[in-house]
Structure formats: C-alpha cells, structure tokens
C-alpha cells in the first residue's frame, strides 16, 4: 500500500498530553461545582436516532446535523423507495440512507432520557452532563465541529431557586477558574411583553430578531427596522429607556439599578395594558437577581434586550461572556424551557439549564495563561530510572516497582542508550529527577539521584530516594 | 408535532448517575496505573478521514465502520461520478457520499497522530488514551456498538522492558479493581516458527487460524484440519507437547513450567532447522515472563497457541480473561507491532500496546457486585435543606451557600411541598441528612438536623451543622 499523508477532518483536533491535562482541569473544576450543588451525572450515546434530533434545532440545526450512513447496504431503502429507473427522477434524500445522527447538543438527549426513564426518575431531577457534540458548521476561531458542552439542568420544578442556583454555579465555577465573566440575565417574557406593547405577542420572534441587532446596527437603525416592520414605536414610553441603556461597559450596581428603574416603568405600562406575562417576567427576573449574594452581583448584568436565539426558552435566560481575552463570543448560556419533553410525549414538565462551552473557556484560559503552573508540563513522571547496561536495567525494573508502591509516578528508560541520551529524554519531558544505576551502584546499593532542575546529585539508597521523592 | 415515543439506537446505552459514577471509578483506577507508569494522555477526534481508517482492520473492519454522510449535498459527488442516466448502471458506493468515519479503535488514530506530530514527539512516546469507539457489529451480551477502550502504547522502543511494564499495568490495575484475571501470553514468532516447522512461514495465517479453533473443536479435529490443509503433522515432535498442554484450568507455576519445558524442546527443533525467528520468539517470551515479579506470575499463563486475531501484531501478544463472572470473552489484549506507522509514511518504528475493555470490565464488576459501597447510591448530596415556606426557602438558599463553602455537597428542595414529600425525595436519592427550616427555626437560629439513615434528629445552629457534616 502506498504511504498516505495523514490528516484529520476539518474542525476537529487532536489533544496532546498537555492539552488533555488542561482540558481535564477545566472539566474537573466545573464538575466539582455541579456536584457541590447536588447535580448528578448522566451520559447519553454519541449516536441518536434522527427522529430524536430532527426538528429540534430549527432548519439550520437540521442542516448542520452529522448523519450516519446506514450499515449493510446503505442504499437499499433508497433504491426501493424510488420506483423510477431514471436518475433524473431519483430522490436522493439523506433520510433514505441514514437513520442516525451525532449528538447535536446535550439538552434534547436529556429530554429524551427523562421521557424514556420517567418511571425511574425522582423529580425534580438535577443532572449534569459533560460530553462532546458535533455540528457541521464552518470552522473558525472558537468554533469547532467537535466540541464539548458541560450542562446542568433541573427538570420537574418551577421554582426560581433553580435559576438562582444555576447562576451561582456559573459564578462559582468561573471564580474557581480565575476568569472574570459577565452573566447577562433576562426573561423572555419581558421581551414578549414589549412585543405586545408595540405590536402583538404572536410577532414576538420577529420583534426579538430585530432587537437582537442592537449591538451590531445601533439604536437608530433598530428603531427604524421596527417601525418599518409595522411595530408601533410612537408610544415608546417605558421601552425607550430600556432600549437606550444597553451598554458593553462592565456592569456594576449603578447600571443594574438603572435597569431596575426602567423595569419599574415598564411594569406600569404592562399593568395599564394588562400584559400579565410581561409583569410575571419582570417579577421573576427580580426574584432570581435578588437571590444572588452581594459579592457576585457585580458579575451579573440585567439585560432586558438579551434574546438568546429563538429556540425553546420561555422564561429566564442568560448568557456568559468573558471580560478578558480576545474571544468575545459567548462561553455559556441557558434558560428555562416550559415544555421540552412535550415533543417526546411527556407534557407539562418544566426545565431550566445552563451550559459551559469547554473549548472556548479553554481557549481563553490558554490565551491568558491562567492554567496552574503544575499543568505546564508534558509528563507526570517524577523520576526516570536510567540503567547503564542490560543487568542494570533489570535492577531498575525491580526498583521502579518499589518506587511506584509509594505512589510516585516513575519509569525505566527502556532502551540501551548512553546516559546523555537518557537524560535528554527526561529533560524533554520535564521529568524532574533521574536515578542512575551502573556497575558501581549495583555493587554498593548506593544509587545516584540527580535533580535535573537544580542540576545537583547525591548518592542514596533506594529507601532514601523514595523518602526524598515522596 | 405528534408526540414521538423516543428510543436510542440498537447497541448504544444511556448511563444514569450510578452507572456514570461506577464507570468513572473503573476509568480512574486504570488511569492511575497508566500515570504511575509514566504514560501520558492523548485524545483524538471522534471522526477520522476514511483514508485513515479503511484497510486497517481487514475486510470485516471496513464493513463495520460507521460512515458519516457528507455535509451539504451529500449526493453531489455520487451524481457527478456516475455519467449514466440509468439507475441500473449507477454506482451506489458509500465512498461517493462519505469521507469520514467514526473511530474504530485507538491504535490507528494513535499511529496517525505519531506520524502527524513526528517532529514534536520525544521517542519513546508512552501514551494512554481512554475514549469510546464504534463498530456496526451485531449487538449481544458484552458487545456494544459504542464502547470504551483504554489503551496504553509505547512507540519507538524495541526493548522488552516495555512488554513487561505493560503486563504489570494489567496486573496492577485488575488487582486495584479486585478482579482475578488470567493474562495469556505468547509470541507470534513462535506460532510462525511452528508454521514453518510443519509447512511454510508464508502459510502462517492459515496455520494460526486452524490452531485457534483448539478450544472449540479439540485436539484431534485440529490435527485433522492441519493435515488436510497440507501441513506435515507426521514429524510432530516438539509441537505435540505444546498442542496437548492447553488447558483452561487456573494457571500456576506447575503449568507454566510444563510450557517452558515444551518450549525448550521446540527450541531444539527450531535450532535444527535454523528457524531464527522462532528461537527469537521463545527467547523474547521467556525474557518478558521472567521480568514479571513472583506474586503476579500465577496470573500469567504462557500459552504458545494464543493467536489473537490476524491483525498487525508481530511479536509478543497477550489476552486477558476474567477468572470470575459469567462473561468469558476477553476483557483486554495487546501486543507488539513492528510497523504500524509505515502505512502513514513513517517506517521502522516499533510499537507495543495493551487495551482494557471498559464496558466488559464494568459488566463483570457489576455482576460480581465488586464496586465500592460508596458508589451504590444515586446522589452525591450529603444534606437536603427543607424550607417550610417561601421565606424559609430563601433562608435555606443563603445557608446552603455556607455549607457548600465547607465543601459539603448540598441542595435546597426547590418547591413548596409538605415536609413528608421533601423527605421522600431525600430518601429516594439516598441523601443521608436533612435540615428543616420553619418559622420557629428562623426565629431561634436553631435548626433541626435529621439523620435520615439513623432516624434521629437534633437541634443545632448552622455552624454546628457544618462541623457535624464535615
């Protein structure tokens, strides 16, 4: 076979030793917070039936799904379903050759799991899930085709204590990771209320889509678009304040107080017009916000214009961006969804969840060099045993077993090479110590322990070496 | 949309909280041994280019690969490559709609990684990798379509110290897991030598395939098949002993000594006929075996008939079976391959590796109830805070933050339900403690701490409770 020049698919990555360890560090920090808050782990299969995935993520989602070709004769169904003998008439639909797809997010599989296990699950069910997902998106900075999500969701409880608790998880986890973040917070019902105020509740998606452009096109252009779309922007009243306070400055009590003031005005408008859900939205937002303890509030930004896509959210929503580093896209987000399990035949179960984007968080921490010093090395080995000949290597192989019994990661250099080569290996892998075993050392039992960082060495027996390295 | 009755693809599984925790326990035990031996972690993408995967696992492997349908217009290439307008002439090859496949094992991606990163890797490179793989096999007991492998490989070193070290990893890991195993050990070169003795070296695969049936069809039938296939079984001499000592009894020094005796006889035959590679095979096997320390030798069974598939192995090979539990198929295996990276354009690099089958190890440990007692519970939460009304819940939400600061996993029951319901929840999740906060408790600051296992309760302030639970 001719030699191939190997490569990996676009948008995917290999993770070498240092990267794996740093990624695991981030995962562990987040997982510890999940556990501390009483969340329980779940893992779902990489492949889901397309019937589970399709139609759950909008048209774009269906397009970005990775589909698995059916096993066996993949084209059997396609040929059967197409009576015609002519290619021109042939219906080349993916559905005819594929029944499974790769996990696209962790929320839909979670909903599917809850429905399938409804008789075994105690509600409220608090689960966390940390697994890769796949999207056939165009790769770019901070966007991969295989990436990890770390989700925590509570299903089966309407209480706003859940929202507050999930916000705390964000704030505690990023504090542990040493990354300054802003959690933008809103309630979908407030936007729905505003859509009603200026038009109709049913036109909420259209309204939110225009509002969502505020950052990009600015206040005036948004007003213009809303007006052109037929929303009544004459009676701006309370909304005007809200439209104009959007800011990318670091949030502080002052700014949140301005928003709270504007929401009070909006509340009066909603009351006048009997927009109950709008009132409820403001009430919920305030309740959740007030449950956040003082020192964390500076990292929460009330943002009544936050829309967060147009997916299944129905209540409080949030989005996390880093205050540091060059990546300005969101590194987390979530919200409440009233009826996610309904599509799988289990209506009336409310859920609320958040998600951490592992890969973007990793990228930012890497850019800022925020990983603990101890992770900046390739190997975890503490000591390399260097035997100077075959007999010495055998002695080294016995000794390394004693060293490992003491819990010290250690290895014997396996090949018969000159000491210099063996020490080059240790240095390349940042292994801090080496034990040298030659003829003299075997006779006397006194081994040479080299401290490769300090450049010093001493003569010790194996017990002393183990004690020293422990 | 009509409600769907959800399901998951055949051969895949959801893992609930208890299962995830038990699987992680197994992974952690194995990973700790990998690290102790100086192995470094690697992770490769779920998707590989088909050019990397195809032709590496034999015909069966190509058939069992899960292929990803190309994104965009998946059928574009197919339509272009087929000039004809008639379906009958149409070439429905998967290659025309698919360029990527799911990881099938961890060895080929590792070889691909080594070649792609040859300029950044220090040899010998000792890596471990713990990730799922996918095969479109027919699901049955102990066989899944998505399953995890835990591999450790050394690439770039010919030393038999590596073989011995990998055997130690098996023996130490299963000792930690509390599972009695047998590691069958052989060298491909011995089988090749025997094939040469009775026929030709080039007919090794044929010879090994027949020998491999010994367990199923027995000694006489194997002899008969070999004879019919044209192997000269008249001059059986040394091989006869080896054919007849195969046993499924628990291995012990006695049995290994019998094998070593038979190998001595075989050595004499190899010498007579100048079968150098056969002699080398015996020498290597003895060397590796002698490096295993005494207490572990009873778990190693010299088995000169072990063939281990017909893949890329060229030297020492091994296979692990559990001595306990009902699953008799292998739970691990490995060996040396002389030239795995050659196919990717980097010849002459030798490798040796082992693999643990996580799912089968889990199944056996689960059947034998060998998991630590502490893992037999659903939730990791130590205390549930129960507020008796909305105000009490808010107090509970403040208190739970103090408890978590002490590192104690804890949660507030989020809904306003009667105490009985809240305690039912704690009991269902095996949460051992509950703190009850009602009107009296809020006034006095003395809270009720219930020990749900013992059925006792006492009145304590929050500091006392934290101290008690720490």
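Protein chains in written order, with this note's numbering: chain A, 118 to 587; chain B, 118 to 587.
Beta carbons: idealized from backbone N, C-alpha and C, even for Gly.
Against residue i, what residues of chain A qualify as contacts under a CB-to-CB distance less than 8 Å, listed in chain order?
i	result
residue 122 of chain B	461 and 462
residue 531 of chain B	241, 271, 274, 276, 278, 279 and 282
Using the C-alpha atoms, what's the distance from residue j back to residue i?
i	j	result
residue 502 of chain B	residue 585 of chain B	15 Å
residue 325 of chain A	residue 312 of chain A	8 Å
residue 373 of chain A	residue 284 of chain A	16 Å
residue 484 of chain A	residue 344 of chain A	43 Å
residue 172 of chain A	residue 211 of chain B	26 Å
residue 301 of chain B	residue 435 of chain B	5 Å
residue 447 of chain B	residue 439 of chain B	7 Å
residue 539 of chain A	residue 554 of chain A	12 Å
residue 64 of chain B	residue 531 of chain A	The structure shown does not extend to residue 64 of chain B, since chain B spans only 118 to 587, so no value can be given for it.
residue 559 of chain A	residue 534 of chain A	18 Å
residue 510 of chain A	residue 528 of chain A	11 Å
residue 123 of chain B	residue 239 of chain A	19 Å
residue 269 of chain A	residue 246 of chain A	7 Å
residue 508 of chain B	residue 148 of chain A	30 Å
residue 392 of chain B	residue 383 of chain B	11 Å
residue 423 of chain A	residue 443 of chain A	21 Å
residue 340 of chain B	residue 418 of chain B	23 Å
residue 223 of chain B	residue 224 of chain A	28 Å
Write down the C-beta distance between residue i and residue j rounded to the nearest angstrom, noting that I regard them as a contact closer than 8 Å.
i	j	result
residue 185 of chain A	residue 157 of chain A	The Cβ separation is near 29 Å, so there is no contact.
residue 504 of chain B	residue 513 of chain B	4 Å
residue 401 of chain A	residue 304 of chain A	5 Å
residue 453 of chain B	residue 469 of chain B	4 Å
residue 265 of chain B	residue 476 of chain B	6 Å
residue 547 of chain B	residue 499 of chain B	That pair is no contact at about 11 Å.
residue 566 of chain B	residue 582 of chain B	5 Å
residue 220 of chain B	residue 226 of chain B	6 Å
What in chain B is Cβ-close to residue i, meaning under 7 Å?
i	result
residue 152 of chain A	497 and 526
residue 217 of chain A	126
residue 253 of chain A	188
residue 542 of chain A	239
Can you tell me whether DSSP reads residue i as helix, strand or coil?
i	result
residue 214 of chain A	coil
residue 451 of chain A	strand
residue 539 of chain A	helix
residue 518 of chain B	helix
residue 392 of chain A	coil
residue 307 of chain A	helix
residue 533 of chain A	coil
residue 158 of chain B	strand
residue 191 of chain B	coil
residue 122 of chain A	coil
residue 471 of chain B	strand
residue 565 of chain A	strand
residue 544 of chain A	helix
residue 378 of chain A	helix
residue 439 of chain B	strand
residue 313 of chain B	helix
residue 245 of chain A	strand
residue 507 of chain A	helix
I want to verify the contact list: residues of chain A whose CB lies under 9 Å from the CB of residue i, in sequence order.
i	result
residue 370 of chain B	In chain order: nothing, as chain A lies at least about 20 Å away.
For residue i, which residues in chain B fall below 8 Å Cβ to Cβ?
i	result
residue 232 of chain A	123
residue 211 of chain A	186 and 191
residue 229 of chain A	123 and 125
Residue i touches chain B at which residues, Cβ-Cβ below 9 Å?
i	result
residue 546 of chain A	155, 157 and 239
residue 263 of chain A	162, 163 and 164
residue 169 of chain A	121, 123, 124 and 125
Could you work out which residues of chain A lie near residue i, taking near to mean beta carbons separated by less than 7 Å?
i	result
residue 249 of chain B	163
Members of the stretch 180-195 of chain B near chain A, C-beta cut-off 7 Å:
183, 184, 185, 186, 188, 191 and 192
Chain B contacts from the stretch 129-163 of chain A (Cβ-Cβ distance under 7 Å):
129, 130, 131, 132, 133, 134, 137, 138, 152, 153, 154, 155, 157, 158, 159, 160, 161, 162 and 163
Taking any Cβ of chain B, which residues in the stretch 388-418 of chain A have a Cβ under 8 Å from it, in chain order?
408 and 410
Interface positions of the stretch 508-521 of chain A facing chain B (Cβ-Cβ less than 8 Å), listed along the chain
510, 511, 514, 515, 518 and 521
The stretch 473-487 of chain B: positions lying closer than 7 Å to chain A by Cβ:
none
Please list the residues of the stretch 425-439 of chain B that have a C-beta atom closer than 8 Å to any C-beta atom in chain A, keeping them in chain order.
For the stretch 425-439 of chain B, which is checked against every Cβ of chain A, not one residue is closer than 8 Å.
Any C-beta of chain A within less than 7 Å: which residues of the stretch 374-386 of chain B qualify?
Within the stretch 374-386 of chain B, no residue qualifies.
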